[in-house]
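So in the numbering used here, spot 53 of the sequence shown is number 42, and the numbers just go up one at a time.
Notes for the one structure printed next.
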Amino acid sequence: MTQPLFDFDLKRVSREHYITGKAAINFPHAGSTTGGWHYLSYFDRVSGVAKVSLAGIHYPDTTAFFSDLGIIDVTEQMAKPGWSVEGRQLHMADHYRAAADMIKRWAFSESANCNLEVDEWFPSPSEKQQLLKVLDVAEPELF
């Protein structure tokens, strides 16, 4: 049986198994240019379903490549619209870490296509530069 691509609640979210991938890319982090209505595709308050990919479960564990760079505590931010897990902290990749996780996943797969939309998600030169800085952190592990 193949492993599901998502969790549909937040019960397994932790610092080790943080939310990453497109759910994190589309989360409206403060000061970020991505997010917006796409957020609703992953966090549906009406149905109570959160469709999230977790690092180390649905995505490879990239800690050896990026350490804890870009993994943030979003417990308070998630609680505002009603997303919480009693007594637990919720962690998520910021946009740069989520994109780096997606790139690493694709680079080590057999897929010819990468579904990363760098120009859309990181439209300014400074945002693209920041993504490259995150990817540079992994260089010692690659060579």
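No residue lacks a Cβ here, since even glycine has one placed at the ideal position from N, Cα and C.
A quick note: this is a predicted structure, and the numbers were derived from the prediction, not measured.
Residue i - containing beta strand (DSSP E), residue span
i          : result
residue 62 : 60 to 62
For residue i, the residue or residues it bridges with in DSSP
i          : result
residue 80 : 62
residue 8  : 43, 81
residue 38 : 33
residue 57 : Looking at the DSSP assignment, residue 57 forms no beta bridge with any residue, so it has no partner.
residue -4 : 41
Extent of the continuous alpha helix (DSSP H) to which residue i belongs
i           : result
residue 110 : 107 to 110
residue 116 : 114 to 126
Coarse secondary structure for residue i, derived from DSSP in three states
i           : result
residue -10 : Note that residue -10 has pLDDT 45, beneath the 50 cutoff, so the model's placement of it is unreliable and no number is given.
Cβ-based neighbour list, residue i, same chain, cut-off 8 Å, excluding 5 preceding and 5 following
i          : result
residue 53 : 130
residue 49 : 90, 93, 94, 97
Own chain, CB closer than 7 Å to residue i, minus 5 neighbours either side, in chain order
i          : result
residue -3 : 38, 39, 40
Beta-carbon contacts of residue i that lie in its chain and below 6 Å, excluding the five residues immediately before and after
i           : result
residue 103 : 95
residue 13  : 81, 82, 87
Check: residue i C-beta below 7 Å from any heavy atom of the ligand MG
i          : result
residue 74 : With respect to the ligand MG, the structure shown offers nothing to examine, as it has no ligands at all.
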